[in-house]
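The structure appears below as structure tokens.
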Amino acid sequence: MPFLDYKGTQLEVDEDGFITEPSLWNEDLAKFIAETQEDIKELTPDHWKVINYLNNYYKQFGIAPMIRKVTKETGFDLKYIYELFPSGPAKGACKIAGLPKPTGCV
Amino acid sequence: MTKIANFPPATLEWKKTNRGLHIPVPEMDEHASAPLTCYPCKAKDMQAIALPTARVPQWETRAVEKLQELLHKYRGLQVYLDICAQCGACADKCQFYLGTGDPNNMPVARANLLRKVYRYYFKRMERFAGAEAEPFNEEVLREWYTYFYQCSECRRCSVFCPYGIDTAEITMAAREIMAAIGVATKYVTEVVAKVYERGNNLGIPGPAWIDNCQFLEEELKAETGKDIRMPVDEVGADVLLVMPSADNFANTDTMMAYGKLFYALGVSWTTSTYANEGGNFGLFLNYQNMKKVNRRILDAARELKVKRVIWGECGHAWRAAIYTNTLNGPMDFLDPPHPVHICQFTADLIQRGAFKIDKTANDDVLVTYHDPCNVARAGSLLEEPRAMIRATCNKFVEMPANTIREKTFCCGAGGGLLTDELMPIRMAGGKPRAEACRATGATYLATPCAICKAQLPEVMKHWNVGVKVGGVHDLLSKAMIL
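Those protein sequence lines, which keep their order, are chains A and B.
Per my numbering, the very first residue in the first sequence carries number 25; after that it's consecutive.
Per my numbering, the very first residue in the second sequence carries number 8; after that it's consecutive.
In structure tokens:
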């Protein structure tokens with residue numbers, strides 16, 4: 025299992041760099057993942073709107089929300105979400121928000 | 008890895024001719040795709056799906072025993088291994104060979120990876136006569152793990168085989184043998200484990216499923232002004248719909264279309280939080296798990312006391328569904344005919360005039376249709392989706408004849424390949440479909456399979472084809488007057 029070197033501690037991540045223990049997530053770690061893995065230098069309030077929505081939804085339901093809900097709840101269209109998170113809502117945004125990677129037929 | 012970034016070779020010319028799509032064959036490039044393998048399975052997932060959590064002791068012997076068991080159980084497998092004349096008619100028919108140029112992706116060569124082991128242990132005379140034979144060892148296992156997971160089990164090759172050898176059966180046997188000794192991919196095993204834990208491939212828990220359905224009801228209300236329901240776990244409904252869980256996650260237009268369809272017909276229906284997945288990744292792994300995943304659907308149908316099960320827009324669900332009678336049946340507690348695919352159900356009702364349809368609602372798109380390998384080649388649904396498109400759209404164009412119907416190309420990610428670590432293989436394998444689509448100039452590519460719906464947008468983006476990908480029912484949904 026690969027590890028992420030975060031502030032001197034070794035954080036377990038899966039092969040695609042998603043943290044395996046979502047309870048260890050915090051805002052500072054989100055910034056760290058965004059910068060080191062997704063090449064997003066600064067998280068703007070719009071980024072945070074998506075990240076917090078994803079993270080809260082996951083805490084409530086144990087799964088990522090459907091894309092349609094993300095666009096509706098944040099008020100951002102899919103194109104803008106891709107501008108915010110170039111690798112997409114399922115990969116980039118979920119990774120930064122500390123969710124496991126959605127897999128299946130998606 | 009530089010080679011991988013380049014394939015398929017950029018110099019090849021793809022064009023539409025009056026004989027169909029001209030599909031250039033690449034130069035052979037040995038081991039071009041050898042470095043691309045799936046992430047290995049995790050012990051926790053293997054445990055959840057009743058497979059060995061690590062490589063079993065004496066795995067070489069165990070694998071040969073498993074092969075022997077399969078040869079006895081599936082006579083077809085032995086026939087396929089015996090009768091191949093190595094003529095090579097299949098060689099340039101596989102999208103993964105066309106894409107990578109790696110000779111091990113020629114169906115005949117891929118099958119030979121198993122055939123040489125079969126000869127070594129079971130065909131001594133041939134072996135002494137000088138035919139290629141090799142004992143099962145680490146090196147052979149590595150080849151198997153690589154190339155049997157670069158095959159999407161789509162069976163295009165078998166259409167062109169003069170003997171009708173079904174190479175997918177050989178891939179399935181090899182994967183079954185590997186699973187028996189504790190070797191499988193993370194993607195496939197993780198998905199099967201999620202079905203047992205949460206009822207569906209995506210791992211959507213019951214409360215989230217219900218929340219999704221309520222949300223879509225609100226969306227439908229906003230769109231149509233009608234109270235269209237998306238029922239969950241309703242005992243006594245007429246129809247249990249088993250769709251890919253991706254329809255209630257990513258392909259929401261298709262999911263909403265199901266709701267409108269049943270609303271227009273006045274048919275009571277439900278989904279089940281126990282079996283909210285038609286898709287069957289057991290099919291990509293081994294017999295026992297395929298059977299166990301499929302059985303959940305009939306268990307849910309009994310529990311909910313429905314009269315009929317309808318399979319949604321999914322390919323591998325349908326391939327497993329058509330085995331249901333012998334796999335988990337009998338299905339005689341349900342109304343015949345069974346099993347029923349939603350495209351059969353809808354096409355029949357359209358023909359009988361059950362819907363008010365305004366075809367001009369789809370005039371903004373030029374539609375083409377991608378036959379998913381499992382829906383078309385494995386599942387015989389060639390006419391129904393087309394009938395639906397013709398009834399709901401004015402502008403429909405077919406892709407070149409050598410790329411559709413039973414000769415359809417796989418999207419490039421079926422059979423358990425829809426995972427990111429295989430992205431170069433997926434894009435290479437998706438190229439024939441991309442070029443065929445480009446040749447039509449279509450702006451909407453309809454397809455009734457969630458894997459195709461996830462893979463094809465990436466393929467079209469990668470190969471620069473400007474087309475939107477969506478479901479077949481999405482078109483009906485747009486054109487239906489409620």
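Think of the CB as a built atom: it goes at the ideal place given N, C-alpha and C, for glycine as much as any other residue.
Per the C-alpha coordinates, the member of B:S484, B:V86, B:G421 and B:E141 positioned closest to Y156 of chain B is B:G421. Non-local C-beta neighbours of E67 of chain B in its own chain, meaning closer than 8 Å and more than five positions away in sequence, comprise P142, F143 and N144, ordered along the chain.
Contact check for L123 of chain A against L78 of chain A passes: the beta carbons are separated by less than 8 Å. Within 10 angstroms of the beta-carbon of D109 of chain B lie 16 or more other beta-carbons, which makes it buried. Inter-residue distance for N287 of chain B and A324 of chain B is about 5 Å (C-alpha atoms, whole angstroms). The Cβ of T367 of chain B sits no closer than 8 Å to any Cβ of chain A. In this chain, the alpha helix (DSSP H) harbouring Y294 of chain B covers Y294 to E310. Cα atoms of A61 of chain B and Y152 of chain B: separation of roughly 15 Å, rounded to the nearest angstrom. Taking a C-beta cut-off of 9 Å against chain B, the contacting residues of the stretch 71-104 of chain A are Y81, Q84, F85, G86, I87, A88, P89, M90, I91, R92, K93 and K96, listed in chain order. Contact annotation: the stretch 100-113 of chain A does not touch the stretch 272-284 of chain B, with fewer than three C-beta pairs closer than 8 Å.
The stretch 404-417 of chain B and the stretch 20-30 of chain B touch, with three or more beta-carbon pairs separated by less than 8 Å. Taking a contact to require three or more Cβ pairs closer than 8 Å, the stretch 427-439 of chain B and the stretch 176-187 of chain B do not qualify as touching.
A distance of 8 Å or more separates the beta carbons of E226 of chain B and H480 of chain B. Below 8 Å, too few C-beta pairs join the stretch 36-50 of chain B and the stretch 457-467 of chain B to call them touching: fewer than three.
The DSSP-derived three-state label of F416 of chain B is coil.
Scanning A:P89, A:F100, A:D40 and A:A88 for the CA closest to the CA of Q61 of chain A turns up A:D40. Secondary structure at M487 of chain B: strand, using DSSP grouped into helix, strand and coil.
Near chain B, meaning a CB-to-CB distance below 7 Å, the residues of the stretch 113-127 of chain A are P126 and T127.
The three-state secondary structure of K65 of chain A, taken from DSSP, is coil.
Between N369 of chain B and L489 of chain B, the C-beta spacing is not below 8 Å. In the DSSP annotation of this structure, the continuous segment of the alpha helix (DSSP H) that includes K80 of chain B starts and ends at W66 to K80.
If you draw a straight line from the Cα of A116 of chain B to the Cα of F291 of chain B, it is about 20 Å long.
Your pair L248 of chain B and A308 of chain B does not check out as a contact, with CB atoms roughly 11 Å apart and the cut at 8 Å. When secondary structure is reduced to three states using DSSP, F403 of chain B falls in the strand class. Ranked by how close their Cα comes to the Cα of A118 of chain B, the residues B:C94, B:E465 and B:D240 have B:C94 in first place. For G27 of chain B, the enclosing beta strand (DSSP E) stretches over residues G27 to H29. Per DSSP, reduced to three states, the secondary structure at H348 of chain B is strand. Put simply, the backbone Cα of H71 of chain A is about 56 Å away from that of L88 of chain B.
With a cut-off of 8 Å on Cβ pairs, the stretch 77-86 of chain B is in contact with the stretch 170-181 of chain B, counting three or more such pairs. Contact of I349 of chain B with chain A is not assigned, every C-beta pair being separated by 8 Å or more. With respect to the C-alpha of L388 of chain B, the residue from B:A354, B:G360 and B:R315 having the closest C-alpha is B:A354. In the structure shown, the three-state DSSP call for R62 of chain B is coil.
Excluding the 5 residues flanking it on each side, Q34 of chain A has same chain C-beta neighbours closer than 7 Å at F27, in chain order. Check the Cα spacing between A55 of chain B and each of B:E76, B:R205 and B:R134: the tightest is with B:R205. Listed in chain order, the alpha helix (DSSP H) runs fully inside the stretch 318-394 of chain B are 322-328, 331-335, 349-358 and 380-383, counting runs of at least 4 residues.
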